[in-house]
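Chains as they are written, first to last, in the working numbering: chain A, 420 to 692; chain B, 21 to 160; chain C, 62 to 775.
Worksheet: the structure to be examined is printed underneath.
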Amino acid sequence: MRTGISGLELIEPGSVRQALQLLRDEPDLTPLAGCTDLYVLLNFGTLAQKRFVNLWGLPELRGISVVDDMLRIGALTTFADIMASTDVQQRLPMLVAAAREVGGVQIQNRGTLGGNVANGSPAGDSLPVLAAADAVVVLRSVDGERRVAFSAFYTGYRQSVMRPDEIISAFEVPALEGTQWFRKVGTRAAQAISKIVMAGVRAPAPRVAIGSVAPTVMRLPRTELILANGSIDDAARMLEEEIRPIDDIRSTAEYRRRVSSNLLRRFWTDTSG
Amino acid sequence: MRFKVNGSDVEIDAHPMRRLLDVLREDLLLTGTKEGCGEGECGACTVLIDGAAVCACIVPVAHAEGAEITTIEGLGGDHPLQRSFTMCGGAQCGICTPGMIMAALPLGSKPSIDEIRTGLAGNLCRCTGYEAIYRAIQEA
Amino acid sequence: MSTQSPSVAANGGVVGSSTPRVDGMAKAAGTARYVDDITFPDMIYGRTIRSTIARGRIRNIQFDFGPDDGFVVVDYRDIPGINVVTLIEDDQPYLVEREVRHMAEPILLLAHADRERLLAAQVTIDYEVDEAVLDASLSTDVMDTVHIERGDIDAGFAEADVIVEGEYTTGHQEQLYIEPNGMIAMCADNGITVIGSLQCPFYMDRALRAVLGLSRDKVRVIQAETGGGFGGKEEYPSMIGGHAALLAWKCRKPVKLIYDRVEDMLATTKRHPFRIRHRTGVKRDGRITAIDIDILVDGGAYVTLTPVVLSRGAIHAAGPYRCDNVRVSGRAVMTNTPPNGAFRGFGAPQTLFAAEVHMERIAETLGMDSVTLREVNLLLPGDATITGGTLGADASAAEVLAEALKRTDFRTRRDAMKGTNRGIGLALFFHGSGFTGAGETKLASRAALELTAGGVRILSGTVEIGQGMRTVHSQIVADVLGIPMDDVEYAEADTLHVPDSGPTVASRTSMVVGGILERCARELLEKLGGLSPQEYFARNGALTVSKHYEAPPHLDFDEKTYRGHAYGTYAWACDVAEVEYDPDTYTVRTVNLTAVQEIGRALHPVLAAGQIEGGTAQGVGYALLENVVMRDGAMANASLTNYIIPTTLDTPRIDTVILENPYAYGPFGAKGIGELPIDGPAPAIVNAIRHLGIDIRALPATPERIMEAACASK
Chain A
420 MRTGISGLEL
430 IEPGSVRQAL
440 QLLRDEPDLT
450 PLAGCTDLYV
460 LLNFGTLAQK
470 RFVNLWGLPE
480 LRGISVVDDM
490 LRIGALTTFA
500 DIMASTDVQQ
510 RLPMLVAAAR
520 EVGGVQIQNR
530 GTLGGNVANG
540 SPAGDSLPVL
550 AAADAVVVLR
560 SVDGERRVAF
570 SAFYTGYRQS
580 VMRPDEIISA
590 FEVPALEGTQ
600 WFRKVGTRAA
610 QAISKIVMAG
620 VRAPAPRVAI
630 GSVAPTVMRL
640 PRTELILANG
650 SIDDAARMLE
660 EEIRPIDDIR
670 STAEYRRRVS
680 SNLLRRFWTD
690 TSG
Chain B
21 MRFKVNGSDV
31 EIDAHPMRRL
41 LDVLREDLLL
51 TGTKEGCGEG
61 ECGACTVLID
71 GAAVCACIVP
81 VAHAEGAEIT
91 TIEGLGGDHP
101 LQRSFTMCGG
111 AQCGICTPGM
121 IMAALPLGSK
131 PSIDEIRTGL
141 AGNLCRCTGY
151 EAIYRAIQEA
Chain C
62 MSTQSPSVAA
72 NGGVVGSSTP
82 RVDGMAKAAG
92 TARYVDDITF
102 PDMIYGRTIR
112 STIARGRIRN
122 IQFDFGPDDG
132 FVVVDYRDIP
142 GINVVTLIED
152 DQPYLVEREV
162 RHMAEPILLL
172 AHADRERLLA
182 AQVTIDYEVD
192 EAVLDASLST
202 DVMDTVHIER
212 GDIDAGFAEA
222 DVIVEGEYTT
232 GHQEQLYIEP
242 NGMIAMCADN
252 GITVIGSLQC
262 PFYMDRALRA
272 VLGLSRDKVR
282 VIQAETGGGF
292 GGKEEYPSMI
302 GGHAALLAWK
312 CRKPVKLIYD
322 RVEDMLATTK
332 RHPFRIRHRT
342 GVKRDGRITA
352 IDIDILVDGG
362 AYVTLTPVVL
372 SRGAIHAAGP
382 YRCDNVRVSG
392 RAVMTNTPPN
402 GAFRGFGAPQ
412 TLFAAEVHME
422 RIAETLGMDS
432 VTLREVNLLL
442 PGDATITGGT
452 LGADASAAEV
462 LAEALKRTDF
472 RTRRDAMKGT
482 NRGIGLALFF
492 HGSGFTGAGE
502 TKLASRAALE
512 LTAGGVRILS
522 GTVEIGQGMR
532 TVHSQIVADV
542 LGIPMDDVEY
552 AEADTLHVPD
562 SGPTVASRTS
572 MVVGGILERC
582 ARELLEKLGG
592 LSPQEYFARN
602 GALTVSKHYE
612 APPHLDFDEK
622 TYRGHAYGTY
632 AWACDVAEVE
642 YDPDTYTVRT
652 VNLTAVQEIG
662 RALHPVLAAG
672 QIEGGTAQGV
682 GYALLENVVM
692 RDGAMANASL
702 TNYIIPTTLD
712 TPRIDTVILE
722 NPYAYGPFGA
732 KGIGELPIDG
742 PAPAIVNAIR
752 HLGIDIRALP
762 ATPERIMEAA
772 CASK
């Protein structure tokens, strides 16, 4: 553990309202939930933030429900909760598939959907699912709620439209037409960071979202258009142009490019008929 | 902070962001839970919080508030899993063993081989190649 | 030859049965005490300040704390003895004096009672940076060479119908014991005591005497329960133990020095990378007429154990095959990277990988079945190894191959898999038991048995590191004495109380040290004159029997000429790997691995299977997953997130078959077992990948490498 704990501060809000007030009034306060990313950074001594507000115990931010054919997932829903939910299994099975691949059981019991999104890593396993599902991010501050389309949420590498006084309170996923598909290519079979992570929906207007191939998770609008109207070969070629993979410690741009293209074809074959 | 550890009430005064792992090992002197990596990757620090397996090295003690924590010491030293790990070669150097046993507990009785492999995918062992661990869990 | 059955011991005793592990319950209960579980009153904490350049000189050092801030600071000037880590070459300092030779090289040591203050301390070091040598193939600084030659290599090539060449490379591998390195040192009576995670208490004993300038009676080393070693805690503990001792020596308080995982991966030893070039002459019918091998080893910045790794790698380099015309040449060179060191297999996994993949390519070139090629050339009893040692009846290459083929229905399934995404591959291999040549004689290991009121106590300086030593040694002693296991105790590994039985390495602990204990027990049995140990103790008091290692008569290796029997015996094995390939992601999944391993005698079937299964899993990681990414002379992926070892879902189901072909000079016929299992999986898996039509000649066979090879062959 390379961070001095005594230099950190954790504030316990009594309610979501109080947490939001603190976020508005206190300087440099970071929300803290499942800690599966945060404590890893603390361990390596690379976390700049020092002051935290504890959201973990706030029940308002948990819970999965279906209201008006809309799936609502609280930000503090863990990946274990997602896997166990019949609502999610029925309506968003690709999110269950993603949850299964997020680390081992220990991580699934603590990692939250809100944390995965707020952390904003381009390799986040749930991100392509939310992107392909056209989820809506419900942000909350003392001023109330605002809804942001997932496609408009990220503005750059680990940057989003979230203000410092806001938290993610929930995700809203409209009913999805078509067959859902998810694939994660990790560095090994379990407990792995993704090298490529892809979600797709086969419908008259197909959707493809992919992570770890650009500074943020991305939808592939040009590829989707060709999938709707053209050949899979043309679509695969377009995908290779749309994505922006890099070489990093885990893999190469070339690998990511080829494999993404292969996976698009696999998605198309798996979901035909 | 107030919580239960292995059935006993505990009240400690610790910085809320101290790792649960350190509070268990240093304040409560329960050294059965081990640190292998500090990054939630190896599972050697696995404990149960309200029956669910977590890595104590990435849990702030603040999140233990009001919860029931179970560590390896809570099994009493005569649990069927502890006996079968001893008999079947499930423990070699033993450093991963407490975490492995804690992660096996939520699998219940007679888990399938697939359930075992998936349930323990977050626990690394470098000594056994896992085969003897599967046998130990199936024999327990 | 027998296939061992785990349920019944042939002699009715405990040897050959899977008696409960004597230390199992403590481990399962969480009461076994590893070094970080131990504290002392007044104990303070240590930290190592390391270089951030690969090569250069120190110009200036600045601290952001003062003399009254409670810090203990140790640099090279504080060393009372000599600033050299005792090993082979005496070239490696404990602390840099001026010249830095690798990233993360230790420069000075700090200690403080407050861990956060210790962590927060800033030490700023100014360097003059020199250009680092990072490519072994370009290094001219040769640490050691090896040359094995037998027969007439030119005649051998002249005789050949076909010549096949190939180059094979293997990368670093991190031992990844789940418990990182750690030590606690404290002064006592003008002496030093060090407790820690280690494999060789007497290596550390010698090192501490040298660095502190102390006599034998002033140094005490105690092994704590050790959470895995695999060679990574063979020689490295002398460094960290010396550091803890230097801090304790200066401040006269107990000092705990534990590495976190990142530091451990960055700074400590790894398996040596090898480049192996084969040139083989072979006749159309498959007979090998000439073997010419060139080996290049990357030693890192200091010699450590490199000469011995090079030696063992060379001796195993031709694989378990017969050839009268052989030349193996090798050199180990210096690079400005953290020194490489011992890791299970010790050179053999590298060269056996090359040999077995090369065999596959020879078969392809000849248009021959690679199994038949092996059958034609494998070593049989009476054949000579490449050093000219004649194999005895305990040589089992043919048997392990035949069993593996039968067990996996190899030829049939290999044909059936053609054109599918499944591949099957095989590796035939062997591993010399114990130290090479006169190594064991030089060690002059000693072990002892002493009577107690409750039975006997084993005194051994080789230690339990998970392999089951306490249990196996107890079995041997119990059986010879005809007493129950419960009456046998195992003394704590404390250099004050146990003799130097040699290091816990080289697959020697059962065979060599167990053998010494067997002879101790036989002599004790005679002395007991029909009384039980308890009866004798009650009547006559204490009695100790101590014995030295005795070399078997045929161990006649000449280290200068590399001729003769390099080992008393070899263990033999054949691994078959079945893989499933995903052409979308270029990923190979090992579905099954059959490990047929002939080990002389399975003293404890469950523990023996444990060695085979564990070593096999490490071999699977070596083959497919474990990639040390080096950048500017340092490991760039030094965390468990980015250096990956196999999880349950990455490890194949392992089918273990133990064969027994007793070694006359091993206790109850036992050969060495610890390292053999890690030699086979990588070539078996790579050969399975070859079966898919993908040509891989480097480890690890990552998906990125497979993609390159798969796309190249299109």
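Think of the CB as a built atom: it goes at the ideal place given N, C-alpha and C, for glycine as much as any other residue.
Taking Cβ positions, are residue 689 of chain C and residue 333 of chain C nearer each other than 7 Å?
-> Numbered from 1 along the third sequence, position 628 holds the residue referred to as residue 689 of chain C. Numbered from 1 along the third sequence, position 272 holds the residue referred to as residue 333 of chain C. Not closer than 7 Å, so no.
Using a cut-off of 7 Å between C-beta atoms, extract the partners of residue 691 of chain C located in chain A.
-> Here residue 691 of chain C refers to the residue found at position 630 when the third sequence is read from its first residue. Near residue 691 of chain C there are no residues of chain A at all, since even the closest Cβ is about 11 Å away, more than 7 Å.
Between the Cα of residue 542 of chain C and those of C/587, C/387 and C/524, spot the shortest distance and give me the residue it belongs to.
-> Numbered from 1 along the third sequence, position 481 holds the residue referred to as residue 542 of chain C. Closest by alpha carbon: C/587.
Got a sec, what are the start and stop residues for the alpha helix (DSSP H) residue 687 of chain A sits in?
-> The residue you call residue 687 of chain A lines up with position 268 of the first sequence. Where residue 687 of chain A is concerned, the enclosing alpha helix (DSSP H) stretches over 672-689.
Pull up the distance between the alpha-carbon of residue 681 of chain A and that of residue 657 of chain A, whole angstroms please.
-> Locating residue 681 of chain A in the first sequence gives position 262, where the first residue counts as 1. Locating residue 657 of chain A in the first sequence gives position 238, where the first residue counts as 1. Approximately 12 Å, taken between the alpha carbons.
Is the CB of residue 674 of chain A under 7 Å away from at least one CB in chain C?
-> By one-based count along the first sequence, residue 674 of chain A stands at place 255. Yes, its Cβ sits closer than 7 Å to a Cβ of chain C.
Could you check if residue 772 of chain C is buried or exposed, using at least 16 other CB atoms within 10 Å of its CB as the buried criterion?
-> Walking along the third sequence from the start, residue 772 of chain C turns up at place 711. With fewer than 16 Cβ atoms within 10 Å of its Cβ, residue 772 of chain C is classed as exposed.
Distance between beta carbons of residue 404 of chain C and residue 292 of chain C, contact taken as under 8 Å = Along the third sequence, read from residue 1 onward, the residue named residue 292 of chain C stands at position 231. Along the third sequence, read from residue 1 onward, the residue named residue 404 of chain C stands at position 343. The pair is a contact, with the Cβ atoms about 4 Å apart (cut-off 8 Å).
Would a check of beta-carbon distances place residue 12 of chain B closer than 7 Å to chain C?
-> Within the shown structure, residues of chain B are numbered from 21 to 160, placing residue 12 of chain B beyond reach of any answer.
Assigned secondary structure, residue 490 of chain C (DSSP; H/G/I helix, E/B strand, else coil) | The residue given as residue 490 of chain C occupies position 429 in the third sequence. The answer is strand: DSSP assigns residue 490 of chain C an E or B state.
Return the residue from the list C/135, C/92, C/635 and C/136 that minimises the CA-CA distance to residue 98 of chain B.
-> Numbered from its first residue, the second sequence carries residue 98 of chain B at position 78. The shortest Cα separation from residue 98 of chain B among C/135, C/92, C/635 and C/136 belongs to C/92.
Spell out a yes or no on whether the region 520-536 of chain A and the region 132-145 of chain B are touching, meaning 3 or more CB-CB pairs, one atom from each, closer than 8 Å.
-> yes
Proximity winner among C/346, C/99, C/478 and C/397, relative to residue 691 of chain C (alpha-carbon distances) | On the third sequence, position 630 is the one that residue 691 of chain C refers to. The residue with the shortest Cα to Cα distance from residue 691 of chain C is C/397.
Evaluate residue 121 of chain C with the Cβ neighbour count: other Cβ atoms within 10 Å of its Cβ, from every protein chain shown; 16 or more gives buried, anything less gives exposed.
-> If you number the third sequence from 1, residue 121 of chain C lands on position 60. Answer is exposed; the Cβ neighbour count stays below 16.
Out of C/142, C/568 and C/84, which has the shortest C-alpha to C-alpha gap to residue 114 of chain B?
-> As a first step, residue 114 of chain B is located in the second sequence; it is residue number 94 there, counting from the start. Closest by alpha carbon: C/84.
Through-space distance from residue 473 of chain A to residue 432 of chain A, alpha-carbon basis | Here the question's residue 432 of chain A lines up with position 13 in the first sequence. Here the question's residue 473 of chain A lines up with position 54 in the first sequence. Distance between the alpha carbons of residue 432 of chain A and residue 473 of chain A: 7 Å.
Roughly how many whole angstroms lie between the Cα atoms of residue 697 of chain C and residue 668 of chain A?
-> Position 636 of the third sequence, counted from the first residue, corresponds to residue 697 of chain C. Position 249 of the first sequence, counted from the first residue, corresponds to residue 668 of chain A. If I take the Cα positions, the gap works out to 7 Å.
Measure from the C-beta of residue 631 of chain A to each C-beta in chain C and report whether the shortest distance is under 7 Å.
-> Locating residue 631 of chain A in the first sequence gives position 212, where the first residue counts as 1. No, residue 631 of chain A does not count as interfacial toward chain C.
Counting contacts by CB-CB distance shorter than 7 Å, is residue 667 of chain C in contact with chain B?
-> The residue labelled residue 667 of chain C in the question sits at position 606 within the third sequence. Yes, residue 667 of chain C lies at the interface with chain B (some Cβ there is under 7 Å from its Cβ).
In chain B, which residues lie less than 7 Å from residue 235 of chain C when you measure between Cβ atoms?
-> Counting from 1 along the third sequence, the entry for residue 235 of chain C is found at position 174. Near residue 235 of chain C there are no residues of chain B at all, since even the closest Cβ is about 10 Å away, more than 7 Å.
Any contact of the region 618-630 of chain A with the region 592-607 of chain A, i.e. 3+ C-beta pairs under 8 Å?
-> yes
Label residue 589 of chain A either buried or exposed according to how many other C-beta atoms from any shown protein chain fall within 10 Å of its C-beta, with 16 as the threshold for buried.
-> Position 170 of the first sequence holds residue 589 of chain A. By the 10 Å Cβ count, residue 589 of chain A comes out buried.
DSSP bridge partner residues for residue 603 of chain A (one or two, in chain order) | Mapped onto the first sequence, residue 603 of chain A falls at position 184. Its beta-bridge partners are A/616.
Could you name the residues of chain B that residue 489 of chain A contacts, counting a contact when the two beta carbons are closer than 7 Å?
-> Residue 489 of chain A sits at position 70 when you count from the first residue of the first sequence. Residues of chain B passing the Cβ test: none, with the nearest at roughly 29 Å.
Write down every uninterrupted run of the alpha helix (DSSP H) in the region 260-326 of chain C whose length is 4 residues or greater and which is fully enclosed by it, in chain order.
-> 262-273 and 297-312
Using a Cβ cut-off of 9 Å, which residues of the region 461-475 of chain A contact any Cβ in chain C, in chain order?
-> 462, 463 and 464
If you compare alpha carbons, which of B/135, B/68, B/100 and B/152 is closest to residue 87 of chain B?
-> As a working note, residue 87 of chain B is residue 67 in the second sequence. Answer by Cα proximity: B/68.
With burial defined as no fewer than 16 other Cβ atoms inside 10 Å of the residue's Cβ, what is the status of residue 496 of chain C: buried or exposed?
-> Indexing the third sequence from 1 puts residue 496 of chain C at position 435. It is buried - the Cβ of residue 496 of chain C has at least 16 other Cβ atoms within 10 Å.
How about residue 753 of chain C and residue 642 of chain C: do their beta carbons lie closer than 7 Å?
-> Taking the first residue of the third sequence as 1, we reach residue 753 of chain C at position 692. Taking the first residue of the third sequence as 1, we reach residue 642 of chain C at position 581. The answer is yes: Cβ separation under 7 Å.
Straight-line gap, residue 616 of chain A to residue 542 of chain A (C-alpha atoms, nearest Å) | For the purposes of this step, residue 616 of chain A is taken as residue 197 along the first sequence, with counting starting at 1. For the purposes of this step, residue 542 of chain A is taken as residue 123 along the first sequence, with counting starting at 1. Cα to Cα, the separation comes out at about 7 Å.
Would you kindly work out how many angstroms separate the C-alpha atoms of residue 294 of chain C and residue 550 of chain C, rounded to a whole number?
-> Here the question's residue 294 of chain C lines up with position 233 in the third sequence. Here the question's residue 550 of chain C lines up with position 489 in the third sequence. Computed Cα separation, rounded: 25 Å.
From which residue to which residue does the alpha helix (DSSP H) around residue 423 of chain C run?
-> Here residue 423 of chain C corresponds to residue number 362 of the third sequence, with the count starting at 1. Segment 409-427, the alpha helix (DSSP H) holding residue 423 of chain C.
Neighbourhood of residue 338 of chain C by C-beta, 6 Å cutoff - its chain only, sequence neighbours within 5 removed = Along the third sequence, one-based indexing puts residue 338 of chain C at 277. Within the same chain, residue 338 of chain C has close Cβ partners 228 and 355.
Determine the closest residue to residue 447 of chain C out of C/717, C/381 and C/573, with distance taken between C-alpha atoms.
-> Residue numbering aside, residue 447 of chain C sits at position 386 when the third sequence is read from its first letter. That would be C/381, whose Cα lies nearest to the Cα of residue 447 of chain C.
Specify, as a first and last residue, the run of the beta strand (DSSP E) that residue 122 of chain B falls within.
-> In the second sequence, residue 122 of chain B corresponds to position 102, counting from 1. Careful: residue 122 of chain B lies outside any beta strand (DSSP E), inside the alpha helix (DSSP H) at 117-124.
Using 8 Å as the Cβ pair cut-off and three pairs as the minimum, do the region 509-521 of chain C and the region 100-115 of chain B touch?
-> no
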